[in-house]
Each structure stands twice: as C-alpha cells, then as structure tokens.
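Participant:
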Amino acid sequence: MFEEQRARLFGLAYRLLGSASEAEDMVQETYLRWSRRSSATAGPVEVPAAWLTKVLTNLCLNQLDSARLRREAYVGPWLPEPVLTGDGALGPLETVEQRESVSMGVLVLLERLTPVERAVFVLREAFGHSHAEIGDLLGIDEAHSRQLHRRARAHVGEPRKRFESDREQHRRIVEVFMAATMEGDVATLERLLADDVTAWADGGGTSTAARRPVHGHAKVLRYLLGLGTRPEAARVSLEILETNGEPAVAIRDADGGALYAVMVLDVEDGRVTATRTVISPVKLAFAAAQLAM
1132 MFEEQRARLF
1142 GLAYRLLGSA
1152 SEAEDMVQET
1162 YLRWSRRSSA
1172 TAGPVEVPAA
1182 WLTKVLTNLC
1192 LNQLDSARLR
1202 REAYVGPWLP
1212 EPVLTGDGAL
1222 GPLETVEQRE
1232 SVSMGVLVLL
1242 ERLTPVERAV
1252 FVLREAFGHS
1262 HAEIGDLLGI
1272 DEAHSRQLHR
1282 RARAHVGEPR
1292 KRFESDREQH
1302 RRIVEVFMAA
1312 TMEGDVATLE
1322 RLLADDVTAW
1332 ADGGGTSTAA
1342 RRPVHGHAKV
1352 LRYLLGLGTR
1362 PEAARVSLEI
1372 LETNGEPAVA
1382 IRDADGGALY
1392 AVMVLDVEDG
1402 RVTATRTVIS
1412 PVKLAFAAAQ
1422 LAM
C-alpha cells in the first residue's frame, strides 16, 4: 500500500521543500512511522492515504523551519534541485496548476511564504484538496485555510501565462537559445532576450557561479557570451530534457556523460525572461542519478 503512495508523497514533499534529497528523507521517515503504526495495536488506519499525507506534510513543515535558517546563510542565489520529470518522477503534470507547482520559478517564489502558507498552497493548487481537507491535514479550520491560500496566491502572483503557451514553441526557443549561446550568435540572443531578463546561477559556494543575479538585456547578453567562450564549453554536450515540467538543458561532459549543469528558461511571448542554472554538484546529484538509470 505504501509503495502505491510513494510517488505521490515524493511529489508533495518536493513541492514543499524544493529539495529532492530532503524529499526522499521525508518519504522514508513517513514510511518508518507507517511501519511502526502498522505493527502497533492501535487498530487499522481508516484512510491510509490521508494519514500518510498528514504525517509527511507535518514532517516537511518542521524541515522548512530549519531550511529557512540554512538558506539565509546560503552562498549566492538559491535554486531548487532539478528533477527530470519526463518519466513521471513528480507524479502527473497534466494541468497548468500541476506543472506550475514544480517549476523552478514558482518554487523560488514559494520561498517567500511561511511554511503553513506553502503547505496550503501546494495541497490546494497541485493536489486539489478542498479547504476542509486541508484544515484536517494541518489542524486549522476551513476559513483559516482559505485565508492562507489567498495570502499565498497574492505572494506568488500569477505566473501561469507562460505555462499556458505552446510547449513545442518553448522547446524550440530553448534549442535556438542554447545554440546561439554556444556559438556566440549575438543577433539571435539579442532578439530572444527580454529587456528585463534576469540570469540566476546556483553554485552553492562550491562551483564557479555568479554570486548575484545578472539583470538587464545588455548585462545578461555579455554574461551568456562569456559562457560560450569558456574553454570547457568545447568539451560539453547539450541535451534538452523535461525538467520540473518544462524543457530544460542538461549540460554534460561530452565523453563521460557527467552532469555539469541544468539550465531552465522562463519564456513569455516568445522571449526569454529568466535563466536559472544549477551548477552545484550537490544539487545535481538527484538528476545525475536519474540520467544514469
């Protein structure tokens, strides 16, 4: 029974934490508690899925409290751990809400929320729980759940426009953008970059990456052209993969296949409004393991 719930629980934990490795830990702890509960004499659980969801959510809320302190001391921009989603690792991503809730852009925005606001947002937006159900899961009343959801939605905003666009067009833009970056095609990059584009890079303090976001058309253009001229650029291969529900670029060693970086692009109205690149080896470990399967 637990194995039937594992993928859903992992998808929930990842949305709450933005970390695949921590999500795995929370799912494992939930399993241990389920195992102990099943072997006890307390009687059967009436609705196992609800029991597991409640236990996992509360574990993640506790984890978020400590994660907030760690991220305040994080070196450089913080980005979520990328997860390859083409094989359903985070559950179904069939609706705009489901894809939005695992995107890097939205996961970064969720960092603005309190842990309980984040839980309400994820349970409502990604999993479709009613406010009455959310109240039962979090130990709050229905009206409070509605209030928290409104507050969370106000903080997150309405980024859905880019999720409702043509996904094939998004993929083509990613392909053209990366080719232009690697080839130093200034004209194409100038055309594709939005005026207010921002480039984020997460090296975690252990890999070379910009310590601050690069903002603005001219600065991001110079930044990208610099990437294409680095010596290691000639020794990598690029692969377009679905990551966090969107087309993304996996940058790998051309010979051994080691994963060096994952870059996700925000695309609106045919132009790139943001690039988010994860370079930290720690944060790439989960995606690298997926590629090795």
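So that you can map any letter, position 219 of the sequence shown is 1350 in my numbering, and since no number is skipped, the others follow by simple counting.
Note that the Cβ used here is the ideal one computed from N, Cα and C, for glycine as well.
(1) At the level of alpha carbons, what is the spacing between Met1138 and Gly1222?
(2) Just tell me which of Arg1167, His1286, Leu1323 has its CA closest to the CA of Thr1404.
(3) Once the 5 residues before and after Thr1216 are set aside, which same chain residues still bring their CB inside 8 Å of it?
(4) So the alpha helix (DSSP H) Ala1274 belongs to, where does it begin and stop?
(5) Measuring straight from C-alpha to C-alpha, what distance separates Arg1430 and Thr1312?
(6) Tell me whether the stretch 1202 to 1221 and the stretch 1159 to 1176 touch, counting them as touching only if at least three CB pairs, one residue from each stretch, are closer than 8 Å.
(7) Go through the stretch 1374 to 1416 residue by residue and report every complete run of the beta strand (DSSP E) that reaches 3 residues or more, in order.
(8) Can you give me the C-alpha to C-alpha distance between Tyr1162 and Phe1141, rounded to a whole angstrom?
(9) Report the three-state DSSP secondary structure of Asp1297 (helix, strand or coil).
(10) Hey, out of Arg1281, Ala1381, Leu1269, whose CA is closest to Met1309's CA?
(11) If you compare alpha carbons, which of Ser1166, Gly1236, Leu1279, Pro1211 is closest to Phe1417?
(12) From what residue to what residue does the alpha helix (DSSP H) around Val1158 run?
(13) Could you tell me the distance, in whole angstroms, from the CA atom of Glu1248 to the CA atom of Gly1315?
Facilitator: Let me lay it out:
(1) Walking along the sequence shown from the start, residue 1138 turns up at place 7. Walking along the sequence shown from the start, residue 1222 turns up at place 91. It should be noted that the sequence gives Ala, not Met, for residue 1138. Going by the C-alpha atoms only, they are around 6 Å apart.
(2) Counting from 1 along the sequence shown, the entry for residue 1404 is found at position 273. Closest by alpha carbon: Leu1323.
(3) Residue 1216 sits at position 85 when you count from the first residue of the sequence shown. Same-chain partners within the cutoff: Leu1224, Val1233, Glu1373, Thr1374, Asn1375, Gly1376.
(4) Taking the sequence shown and counting its residues from 1, one reaches residue 1274 at position 143. Taken as a continuous stretch (DSSP letters only), the alpha helix (DSSP H) holding Ala1274 covers 1273 to 1287.
(5) This structure leaves residue 1430 out entirely; the chain is present only between 1132 and 1424.
(6) no
(7) 1377 to 1384, 1390 to 1399, 1402 to 1409
(8) The count along the sequence shown starts at 1 and reaches residue 1162 at position 31. The count along the sequence shown starts at 1 and reaches residue 1141 at position 10. Each residue's alpha carbon lies about 11 Å from the other.
(9) Taking the first residue of the sequence shown as position 1, residue 1297 is located at position 166. Looking at Asp1297 - three-state DSSP - the assignment turns out to be coil, as it is neither helix nor strand.
(10) Here residue 1309 refers to the residue found at position 178 of the sequence shown. Of the listed residues, the one whose Cα sits closest to Met1309 is Ala1381.
(11) On the sequence shown, position 286 is the one that residue 1417 refers to. It is Pro1211 whose Cα lies nearest to the Cα of Phe1417.
(12) Counting from one through the sequence shown, the residue named residue 1158 turns up at place 27. That run of the alpha helix (DSSP H) goes 1151 to 1170.
(13) As a first step, residue 1248 must be located in the sequence shown, where it is residue number 117. As a first step, residue 1315 must be located in the sequence shown, where it is residue number 184. Using only the alpha carbons, I get a separation of about 43 Å.
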